[in-house]
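All remarks here apply to the structure that follows.
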């Protein structure tokens, strides 16, 4: 699994840079058509910290931490995760500029607004989960001081809180952008498209981040809130999948 982690980090880094380079070399995207979908080529990088955190968690649960290089895995994961988040953050800044100058995307593109939740949510989840295991990841005298482990834990938790708050903010904006479609006269303006899956997968980042923060701060309310969000995600996924099957059956996809 450690070997697969290094393969994933290498492949995701090359793929992300290659996809953006290809887009920038062959396509022109005007700002008025900008949506958070532009973040997608950076998404492989945004899963490295959650992947490393789950690898460390599984090794700790099975008493096999000595079989992997925890320091190298964690540092590489934070590096790749930070790269992906900074790329996504700059793109989200461009998206906010687009919203300030062009208003919300048109009806068919509106579900894609939820994609803006993913970068901060996945980064918060990965950092906080790694922070839970800092004592097991790093040696006691890491960086020449006995306080490094506790400093890294505190940094992971505080950074996770900031990014979790950002993902909550984007979630509220995304939900608010769809509020008008609850009215019957607007409901027909957004028929099912594959972009509806943006209601599901970016929000998994918010769910996992909420659960990890609940664990880190031993907050029962946050853990329950995360479980409720997870249940809602399952319901939404079933509904979206059902709509997709229905459209496939009627040849309207």
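Residue numbers (the numbering used here): 1418 to 1670.
No residue lacks a Cβ here, since even glycine has one placed at the ideal position from N, Cα and C.
Through-space distance from residue j to residue i, alpha-carbon basis
i: residue 1445; j: residue 1452; result: 14 Å
i: residue 1649; j: residue 1619; result: 13 Å
i: residue 1558; j: residue 1586; result: 38 Å
i: residue 1495; j: residue 1669; result: 43 Å
i: residue 1643; j: residue 1566; result: 27 Å
i: residue 1582; j: residue 1651; result: 23 Å
i: residue 1485; j: residue 1424; result: 15 Å
i: residue 1541; j: residue 1654; result: 23 Å
i: residue 1455; j: residue 1563; result: 43 Å
i: residue 1387; j: residue 1645; result: A question about residue 1387 goes unanswered here, because the residues of the chain that appear run from 1418 up to 1670.
i: residue 1610; j: residue 1588; result: 20 Å
i: residue 1639; j: residue 1511; result: 32 Å
i: residue 1663; j: residue 1657; result: 10 Å
Proximity to residue i [Cα-Cα], best of the options
i: residue 1554; options: 1569, 1584 and 1459; result: 1569
i: residue 1522; options: 1556, 1495, 1607 and 1466; result: 1607
i: residue 1517; options: 1484, 1624, 1448 and 1552; result: 1448
i: residue 1437; options: 1419, 1623 and 1461; result: 1461
i: residue 1590; options: 1457, 1441 and 1527; result: 1527
i: residue 1488; options: 1547, 1514 and 1593; result: 1547
i: residue 1429; options: 1450, 1439, 1519 and 1464; result: 1464
i: residue 1481; options: 1519, 1418 and 1578; result: 1418
i: residue 1530; options: 1450, 1475 and 1440; result: 1450
i: residue 1592; options: 1617, 1442 and 1580; result: 1617
i: residue 1508; options: 1571, 1580 and 1457; result: 1457
i: residue 1524; options: 1667, 1598, 1439 and 1468; result: 1598
i: residue 1626; options: 1503, 1576 and 1612; result: 1576
i: residue 1573; options: 1431, 1503, 1641 and 1470; result: 1470
Beta-carbon proximity check, residue i vs residue j, cutoff 7 Å
i: residue 1459; j: residue 1433; result: yes
i: residue 1491; j: residue 1536; result: no
i: residue 1539; j: residue 1472; result: no
i: residue 1466; j: residue 1543; result: yes
i: residue 1534; j: residue 1623; result: yes
i: residue 1477; j: residue 1545; result: no
i: residue 1584; j: residue 1532; result: no
Alpha helix (DSSP H) segment containing residue i, residue limits
i: residue 1429; result: 1419–1443
i: residue 1637; result: 1637–1666
i: residue 1588; result: 1565–1594
i: residue 1599; result: Segment: none, residue 1599 is in no alpha helix (DSSP H) and carries neither H nor E.
i: residue 1623; result: 1618–1633
i: residue 1554; result: 1551–1554
Requested in this report: Enumerate, from N- to C-terminal direction, the unbroken alpha helix (DSSP H) stretches of 4 or more residues contained entirely within the stretch 1452–1484.
Outcome: Listed in chain order, the complete alpha helix (DSSP H) runs (minimum 4 residues) inside the stretch 1452–1484 are 1465–1478.
Query raised in the report: Fully enclosed by the stretch 1475–1534, which beta strand (DSSP E) runs are 3 residues long or longer?
Result: Within the stretch 1475–1534, no complete beta strand (DSSP E) run reaches 3 residues.
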